[in-house]
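Colleague:
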Amino acid sequence: MSNFSDLLGRKCWRFLKTASLFQNDFSILRLSIISVKKIWIIDQSGICLMQYDFESNISSNIDDNIISGITASLLNFSSITGLDEGNIDTITMGDSKLNYFYDDNVIVCLETINEVKEKLIQKVGKNIHKSFVFRFISFLKSNNVIDTKIFSSFKAKIFEILKYHRLLPKSNDLL
Numbered sequence: 063m064s065n066f067s068d069l070l071g072r073k074c075w076r077f078l079k080t081a082s083l084f085q086n087d088f089s090i091l092r093l094s095i096i097s098v099k100k101i102w103i104i105d106q107s108g109i110c111l112m113q114y115d116f117e118s119n120i121s122s123n124i125d126d127n128i129i130s131g132i133t134a135s136l137l138n139f140s141s142i143t144g145l146d147e148g149n150i151d152t153i154t155m156g157d158s159k160l161n162y163f164y165d166d167n168v169i170v171c172l173e174t175i176n177e178v179k180e181k182l183i184q185k186v187g188k189n190i191h192k193s194f195v196f197r198f199i200s201f202l203k204s205n206n207v208i209d210t211k212i213f214s215s216f217k218a219k220i221f222e223i224l225k226y227h228r229l230l231p232k233s234n235d236l237l
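For the sequence shown, the positions run 63 to 237 when the numbering used here is used.
What follows is the structure, given as structure tokens:
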């Protein structure tokens with residue numbers, strides 16, 4: 063009887079150890095595949111200039127106009143009232159975070175999983191923001207009506223930045 067319980071104990075221990083290793087591997091895989099769920103680039107008036115959904119998940123469908131308007135309003139409200147010194151960096155919603163990087167020209171909002179390091183996402187947001195403003199500053203500063211389709215060419219740069227920081231897989235399957 064003792065041999066049977068020892069054998070059963072060893073089998074259970076091996077199973078738990080294997081399951082634990084699998085869980086760790088799955089976490090690493092999850093982080094490397096879907097760290098960034100969605101990105102929005104919004105002007106200060108709340109117009110969505112461009113967006114990209116990396117998951118293409120219908121159940122997490124957030125209307126771009128709603129998120130853009132709410133984001134611009136919230137950031138404007140916080141700066142006017144001085145709440146949190148006028149800075150909002152992240153908003154956590156369940157298993158996702160909305161991460162913001164913005165100035166007077168444009169707002170970059172990255173929806174990520176909670177496990178992504180905040181410093182990394184701020185660095186990525188700043189990089190995307192800087193690249194976008196550099197490329198499109200003349201359109202952003204003009205008072206003319208802008209066709210937002212011109213901003214779609216920026217998606218390739220977003221992929222480049224996210225892959226460089228290992229927030230997307232190296233393959234081009236998402237393009």
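Beta carbons are placed, not taken as given, at the ideal position from N, Cα and C, and that holds for glycine.
All values derive from a computational prediction rather than experimental measurement.
Using beta-carbon positions only, say whether Ser193 and Lys219 come within less than 8 Å of one another.
Modeller: yes
Colleague: Run the CB neighbour count on Leu91, radius 10 Å, all protein chains shown included, and call it buried at 16 or more, exposed below.
Modeller: Residue placement at Leu91 is poorly supported in this model, since its pLDDT is 41, which falls under 50; the coordinates are not used for a value here.
Colleague: What residues in its chain sit with their C-beta under 8 Å from that of Gly187, if we drop five residues either side in the sequence?
Modeller: Asn161, Tyr162, Phe163, Val170 and Leu172
Colleague: Could you tell me which whole alpha helix (DSSP H) segments of length 4 or greater appear in the stretch 144-203?
Modeller: 180-203
Colleague: Helix, strand or coil: which one does DSSP assign to Leu229?
Modeller: Residue state, collapsed to three classes: coil.
Colleague: Any idea if Ile19 is buried or exposed, counting beta-carbon neighbours within 10 angstroms, 16 or more meaning buried?
Modeller: As displayed, the chain neither begins before 63 nor continues past 237, which places residue 19 out of reach and without an answer.
Colleague: Starting from the C-beta of Leu229, find all residues in its chain whose C-beta is less than 6 Å away, skip the five residues before and the five after it, and write them out in chain order.
Modeller: Answer for Leu229: Ser97 and Val98, listed in chain order.
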